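Report on the following structure.
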Amino acid sequence: MNNSSEYHISKDGSSTLYSNQFGQYYHNPNGAISESKLVFFETSKLTDALLSKSDHLGIFEVGFGTGLNFLLLLDYYLTNNISIPIHFYSVEAFPIDQKTVSKLNFYDFLTNKDLSDVLPNIFKELKPGKNTFQPLHDIEVKIHLYYCSFDEISSIEHPIDFVFHDAFSPEVNDELWRVSTFEKLALFCNEDAILATYCAASKARAAMAKAGWFVRRAPGALGKREMTIASLSHIKLTHLKRVNERRLIERWNTGEFEKTKSTDD
Numbered sequence: 029m030n031n032s033s034e035y036h037i038s039k040d041g042s043s044t045l046y047s048n049q050f051g052q053y054y055h056n057p058n059g060a061i062s063e064s065k066l067v068f069f070e071t072s073k074l075t076d077a078l079l080s081k082s083d084h085l086g087i088f089e090v091g092f093g094t095g096l097n098f099l100l101l102l103d104y105y106l107t108n109n110i111s112i113p114i115h116f117y118s119v120e121a122f123p124i125d126q127k128t129v130s131k132l133n134f135y136d137f138l139t140n141k142d143l144s145d146v147l148p149n150i151f152k153e154l155k156p157g158k159n160t161f162q163p164l165h166d167i168e169v170k171i172h173l174y175y176c177s178f179d180e181i182s183s184i185e186h187p188i189d190f191v192f193h194d195a196f197s198p199e200v201n202d203e204l205w206r207v208s209t210f211e212k213l214a215l216f217c218n219e220d221a222i223l224a225t226y227c228a229a230s231k232a233r234a235a236m237a238k239a240g241w242f243v244r245r246a247p248g249a250l251g252k253r254e255m256t257i258a259s260l261s262h263i264k265l266t267h268l269k270r271v272n273e274r275r276l277i278e279r280w281n282t283g284e285f286e287k288t289k290s291t292d293d
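In my numbering, each residue carries its 1-based index in the sequence shown increased by 28.
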């Protein structure tokens, strides 16, 4: 199930890959690290939660990809002397190989250079099914990485506070943007969980709304007009511009989104 990919340098100098299988970049070619930080850490307010929570925190990532988001989490955790336990869940049906991982230059952009072996070691040990790693034994951050399809995950052990929806776009990876996907994610989550994604496609937002998520729009990263933030609690979203969930659900119910390709609109 390995994914053929080509190495590229994005415009902020950090690595990305181009998937020959899906015909898309893994990260924004205008800046891989810049986009990940803005979408999943800053706009989602994960950075605030990491500094304010006192018990534990759960994250679920749809699409492990290059492992960049997990690496950035570790770097932020160490840099800010965070001590709360974190369980990071992620799923990847088509993992890249260890040789490709070794080319990535993410470590040049980290504060903690001793993280350089984390991703190569994870990909080296990755086996089909569920894999659990604690990359640094002196901090309480564990990753539960599923080498399988999202549909094969029936339950998880820890409640989720933040969802990173970082799959390839609905246009090429539709199965990860369906109503059933967002319904399952909701079951994994606490009632005030936040979902962040780079995607602004109406079809994706409609699927979220149909699954019971409140959906909001936020400024996009690096040339993208918008991104999407969603939550199971509207209270978490009062600072953002809402979308018309009822209208999106009506459009979904009439089959409108089955007639056209998904685009970021």
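For glycine and all other residues, C-beta sits at the position ideal for the given N, C-alpha and C. Nothing here was measured: the structure is a model prediction, and the numbers come from that model.
- If you draw a 10 Å sphere on the C-beta of isoleucine 263, you find fewer than 16 other C-beta atoms in it, and that means exposed.
- Inter-segment contact for the region 208-220 and the region 245-254 is absent: fewer than three beta-carbon pairs are separated by less than 8 Å.
- For secondary structure counted as the alpha helix (DSSP H) over 4 or more consecutive residues, the region 176-246 holds these complete runs in sequence order: 207-216, 230-238.
- Judged by pairs of C-beta atoms under 8 Å, the region 79-87 does not touch the region 225-238, as fewer than three such pairs exist.
- In this structure, the beta-carbon distance from isoleucine 87 to phenylalanine 122 does not fall below 8 Å.
- Boundaries of the alpha helix (DSSP H) around leucine 102: 96-107.
- The beta carbon of leucine 138 sits closer than 6 Å to the beta carbons of Asp103 from its chain, once the five residues preceding and following it are set aside; these are given in chain order.
- When secondary structure is reduced to three states using DSSP, threonine 160 falls in the strand class.
- Between the C-alpha atoms of glutamate 284 and leucine 173 there is a straight-line separation of about 35 Å.
- DSSP places phenylalanine 116 inside the beta strand (DSSP E), whose first and last residues are 114-119.
- Residues of the same chain with a CB within less than 6 Å of the CB of lysine 152, apart from the 5 flanking positions on each side, are Gln126 in chain order.
- The DSSP-derived three-state label of histidine 165 is coil.
- Shown here for arginine 279: same chain residues with a beta carbon closer than 7 Å to its own, the five before and five after excluded, namely Ala234, Phe285 in chain order.
- When secondary structure is reduced to three states using DSSP, tyrosine 35 falls in the strand class.
- Following the DSSP letters along the chain, one finds phenylalanine 88 inside the beta strand (DSSP E) bounded by residues 85-90.
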